[in-house]
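J.:
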Amino acid sequence: MNVMAEKFEPTSKGSPAFEQRLPIVSPEGLPDDDFLHDVQRILSSRQLTNAAFVGEFEEAAAEYLGVSHCVAVSSCTSGLILTLRALELQGEVVLPSFTFHASAHSVIWNGLKPVFADCDPETFCIDPRAVKLQVSPSTAAILAVHLFGNPAHIVELQTVASSSGILLITDAAHAFGSDINGRRIGAFGTAEVFSFSPTKLLVAGEGGMIATQDADLARKLRAARNYGDSGNYDPELAGLNARMSEFHAALAVRGLLGLEARIARRNQIRLHYEQRLGSIPGISFQHILPGNRSACKDFAVLVDEAAFGESRDWLVDALEKENIQARRYFWPPVHRQKLYCDIWDKRPLPVTDRISSRILNLPIYSTLSTEQIDKVCGAILRSYEFANKSGCAKAQRA
Ligand SMILES: Cc1ncc(COP(=O)(O)O)c(C=O)c1O
Numbered sequence: 000m001n002v003m004a005e006k007f008e009p010t011s012k013g014s015p016a017f018e019q020r021l022p023i024v025s026p027e028g029l030p031d032d033d034f035l036h037d038v039q040r041i042l043s044s045r046q047l048t049n050a051a052f053v054g055e056f057e058e059a060a061a062e063y064l065g066v067s068h069c070v071a072v073s074s075c076t077s078g079l080i081l082t083l084r085a086l087e088l089q090g091e092v093v094l095p096s097f098t099f100h101a102s103a104h105s106v107i108w109n110g111l112k113p114v115f116a117d118c119d120p121e122t123f124c125i126d127p128r129a130v131k132l133q134v135s136p137s138t139a140a141i142l143a144v145h146l147f148g149n150p151a152h153i154v155e156l157q158t159v160a161s162s163s164g165i166l167l168i169t170d171a172a173h174a175f176g177s178d179i180n181g182r183r184i185g186a187f188g189t190a191e192v193f194s195f196s197p198t199k200l201l202v203a204g205e206g207g208m209i210a211t212q213d214a215d216l217a218r219k220l221r222a223a224r225n226y227g228d229s230g231n232y233d234p235e236l237a238g239l240n241a242r243m244s245e246f247h248a249a250l251a252v253r254g255l256l257g258l259e260a261r262i263a264r265r266n267q268i269r270l271h272y273e274q275r276l277g278s279i280p281g282i283s284f285q286h287i288l289p290g291n292r293s294a295c296k297d298f299a300v301l302v303d304e305a306a307f308g309e310s311r312d313w314l315v316d317a318l319e320k321e322n323i324q325a326r327r328y329f330w331p332p333v334h335r336q337k338l339y340c341d342i343w344d345k346r347p348l349p350v351t352d353r354i355s356s357r358i359l360n361l362p363i364y365s366t367l368s369t370e371q372i373d374k375v376c377g378a379i380l381r382s383y384e385f386a387n388k389s390g391c392a393k394a395q396r397a
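Quick note: the sequence shown uses numbering that gives the first Met the number 0, first residue 0, plus one each step.
1) Just verifying my parser: in three-state terms, what is the DSSP assignment at A174?
2) How long is the line joining the alpha carbons of V375 and E91, rounded to whole angstroms?
3) Compute the distance between the beta-carbons of Y364 and I279, then report whether it is under 8 Å.
4) Do R84 and L250 come within 8 Å of each other at the CB atom, strictly closer than that value?
5) Can you give me the Cβ contacts of A16 inside the same chain, cut-off strictly under 8 Å, excluding the 5 residues immediately before and after it?
6) Would you kindly work out how many angstroms separate the C-alpha atoms of P234 and T82, rounded to a whole number?
7) Going by the CB atoms, is the gap between T189 and L301 shorter than 8 Å?
8) Let me check one thing: in DSSP terms, what residues is V192 bridge-paired to?
9) In whole angstroms, what separates the C-alpha of I262 from that of N360?
10) Measuring only the C-alpha atoms, how far is D126 from A160?
11) Near A203, which residues of its chain fall below 6 Å by C-beta distance, leaving aside the five closest residues on each side in sequence?
12) Whose C-beta lies closer than 6 Å to the C-beta of E5 among residues of the same chain, with five residues either side of it excluded?
13) So, using beta-carbon positions, are F175 and A294 closer together than 8 Å?
14) For S244, collect the residues of the same chain with a Cβ closer than 7 Å to its Cβ; drop the 5 residues on either side in sequence, then sort them by chain order.
15) By DSSP, does C69 sit in helix, in strand, or in coil?
16) Are there 16 or more other CB atoms within 10 angstroms of the CB of D316, so buried, or fewer, so exposed?
17) Specify, as a first and last residue, the run of the alpha helix (DSSP H) that F284 falls within.
18) Less than 7 Å separating the Cβ of C75 from some heavy atom of ligand 1?
19) Mapping the DSSP letters down to three states, classify N417 as helix, strand or coil.
20) Note down the Cα distance separating V106 from I358, rounded to an integer number of angstroms.
21) So is the beta-carbon of V302 under 7 Å away from any non-hydrogen atom of ligand 1?
22) Can you find a heavy atom of ligand 1 that lies under 7 Å from the Cβ of G207?
23) Closer than 7 Å: is that where the CB of V144 sits relative to any heavy atom of ligand 1?
24) Distance, Cα to Cα, G308 vs A386?
Right, dumping it as structure tokens:
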């Protein structure tokens with residue numbers, strides 16, 4: 000722990016803002032006892048995987064997203080791996096480094112080369128201008144990420160993809176319920192892949208889904224999630240067991256109820272944080288482009304040490320002392336992780352490095368009360384005041 004954070008007094012009375020630790024995530028949209036009826040139905044049907052509930056979930060999701068085909072899988076990671084495999088890509092895939100490493104894992108699992116492009120300083124999503132610079136004759140696809148639920152610059156990315164004769168695929172792990180001018184994420188590019196793990200707005204326990212308008216790709220993916228076997232015991236590709244179980248699908252079907260209300264509440268929370276924290280020097284936010292809706296899977300601030308008076312890491316420690324869990328998503332960025340630093344082409348990614356070194360994620364979930372948000376903001380304000388009090392923090396260290 001940082002020495003200065005140890006000296007930081009949590010509140011004027013010396014007690015932390017929260018008696019019990021405030022977690023950064025809390026699974027939501029979980030059903031009550033009704034779910035037990037679903038479990039009973041599944042057990043009586045004797046079909047535990049890939050049956051009626053999976054079909055119901057796929058249909059309901061396709062309707063919600065406004066896409067022709069949804070293929071449920073065991074996770075977003077397996078969905079991404081199988082999508083790249085089913086498309087028979089070869090060569091390079093351009094993707095952000097400011098993302099969760101699973102985006103890049105799906106590329107190397109397929110023997111493809113990840114090529115990292117810098118991100119936009121405002122939206123934190125992959126920058127189409129940087130993508131253009133990284134596209135070469137070896138590029139097969141762009142893998143964009145709707146970061147924290149904030150829609151990527153899809154129109155510009157699609158222009159780059161179309162003019163280069165390559166595909167656009169998205170890692171939409173965070174973005175179920177996000178939209179661009181009213182058109183839901185899921186309906187863009189060749190395929191978009193969602194996650195339903197417990198940190199997401201729609202939870203299946205574990206799970207993922209590929210949304211696509213391409214009937215042949217959907218057919219191939221249904222085989223791919225079943226070892227590549229479409230039923231004739233003669234696989235058309237080397238697939239995985241990436242099926243979704245009936246129990247997971249039943250949870251997700253129930254979770255669709257109330258999703259819109261959860262997205263609305265998270266957006267209220269985001270605005271409340273921004274109002275309360277916006278006047279603190281050195282704190283800034285992710286920008287959502289006009290006309291876009293973010294599902295607000297995460298809420299992040301950037302901490303500029305020069306203006307705030309202390310570093311992002313110091314603030315993480317200070318919030319810990321207040322019993323507030325904060326996280327550094329995504330730090331280190333993928334190109335600086337040991338699995339990827341030798342693969343990285345060493346082209347500088349200055350925006351990614353800057354954002355990654357300043358990013359700080361705060362608690363967000365629809366059950367978070369306004370009082371709790373105010374306490375988190377109060378703790379950040381006190382940290383700022385402490386960091387800038389003469390004789391404190393940096394002054395003491397000097
Ligand atoms: C951007 C991104 N992509 C992929 C994944 C992997 O999702 P899953 O756990 O469903 O495989 C995550 C996990 O949260 C993620 O944040």
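Glycine included, C-beta positions come from ideal geometry on N, C-alpha and C.
As the structure is a computational prediction, the values presented were derived from the model and not from experiment.
T.: Checking against the coordinates, here is how it stands:
1) Translated into the one-based positions of the sequence shown, residue 174 becomes position 175. In this structure, A174 counts as coil in the three-state DSSP scheme.
2) Counting from 1 along the sequence shown, the entry for residue 375 is found at position 376. Counting from 1 along the sequence shown, the entry for residue 91 is found at position 92. Rounded to the nearest angstrom, the two C-alpha atoms are 43 Å apart.
3) Stepping through the sequence shown from its first residue, residue 364 is reached at position 365. Stepping through the sequence shown from its first residue, residue 279 is reached at position 280. No, the Cβ-Cβ distance between Y364 and I279 is not below 8 Å.
4) Position 251 of the sequence shown, counting from 1, holds the residue named residue 250. Position 85 of the sequence shown, counting from 1, holds the residue named residue 84. For the 8 Å CB-CB criterion, L250 and R84 do not form a contact.
5) Counting from one through the sequence shown, the residue named residue 16 turns up at place 17. P9, T10, E321, N322, I323, K374, V375, G377 and A378.
6) As a working note, residue 234 is residue 235 in the sequence shown. As a working note, residue 82 is residue 83 in the sequence shown. The alpha-carbon atoms of P234 and T82 are separated by roughly 16 Å.
7) Against the sequence shown, residue 301 aligns to sequence position 302. Against the sequence shown, residue 189 aligns to sequence position 190. Taking 8 Å as the Cβ cut-off, L301 and T189 do not qualify as a contacting pair.
8) Within the sequence shown, the letter at position 193 stands for residue 192. In DSSP, V192 forms a bridge with D170 and I209.
9) Along the sequence shown, one-based indexing puts residue 262 at 263. Along the sequence shown, one-based indexing puts residue 360 at 361. Taking the straight line joining both Cα atoms gives about 18 Å.
10) Translated into positions along the sequence shown, residue 126 becomes position 127. Translated into positions along the sequence shown, residue 160 becomes position 161. Distance between the alpha carbons of D126 and A160: 13 Å.
11) Locating residue 203 in the sequence shown gives position 204, where the first residue counts as 1. Correct list, in chain order: F195, H247, L250 and A251.
12) Taking the sequence shown and counting its residues from 1, one reaches residue 5 at position 6. Interpretation of E5 is limited by its pLDDT of 48, a score under 50 that renders its predicted location unreliable; the figure taken from the coordinates is listed afterwards. Spatial neighbours of E5 in its own chain (CB-CB distance under 6 Å, excluding positions within 5 residues in sequence) are not present.
13) In the sequence shown, counting from the first residue as 1, residue 175 sits at position 176. In the sequence shown, counting from the first residue as 1, residue 294 sits at position 295. Going by C-beta atoms, F175 is nearer than 8 Å to A294.
14) Reading the sequence shown from its first residue, position 245 is the one you call residue 244. Hits under 7 Å: L47 and T48.
15) Mapped onto the sequence shown, residue 69 falls at position 70. In this structure, C69 counts as strand in the three-state DSSP scheme.
16) In the sequence shown, residue 316 corresponds to position 317, counting from 1. So D316 counts as buried.
17) Locating residue 284 in the sequence shown gives position 285, counting from the first residue. Careful: F284 lies outside any alpha helix (DSSP H), inside the beta strand (DSSP E) at I282 to F284.
18) Locating residue 75 in the sequence shown gives position 76, where the first residue counts as 1. At least one heavy atom of ligand 1 is nearer than 7 Å to the Cβ of C75, so yes.
19) Any property of residue 417 remains undetermined from this structure, which presents the chain solely from 0 to 397.
20) For the purposes of this step, residue 106 is taken as the residue at position 107 of the sequence shown. For the purposes of this step, residue 358 is taken as the residue at position 359 of the sequence shown. Distance between the alpha carbons of V106 and I358: 25 Å.
21) Taking the sequence shown and counting its residues from 1, one reaches residue 302 at position 303. Every heavy atom of ligand 1 is 7 Å or more from the Cβ of V302, so no.
22) Here residue 207 is taken as the residue at index 208 of the sequence shown, counted from 1. Flag set: Cβ of G207 near ligand 1.
23) Here residue 144 is taken as the residue at index 145 of the sequence shown, counted from 1. Yes, Cβ of V144 sits closer than 7 Å to a heavy atom of ligand 1.
24) The residue labelled residue 308 in the question sits at position 309 within the sequence shown. The residue labelled residue 386 in the question sits at position 387 within the sequence shown. Between the alpha carbons of G308 and A386 lies a distance of about 5 Å.
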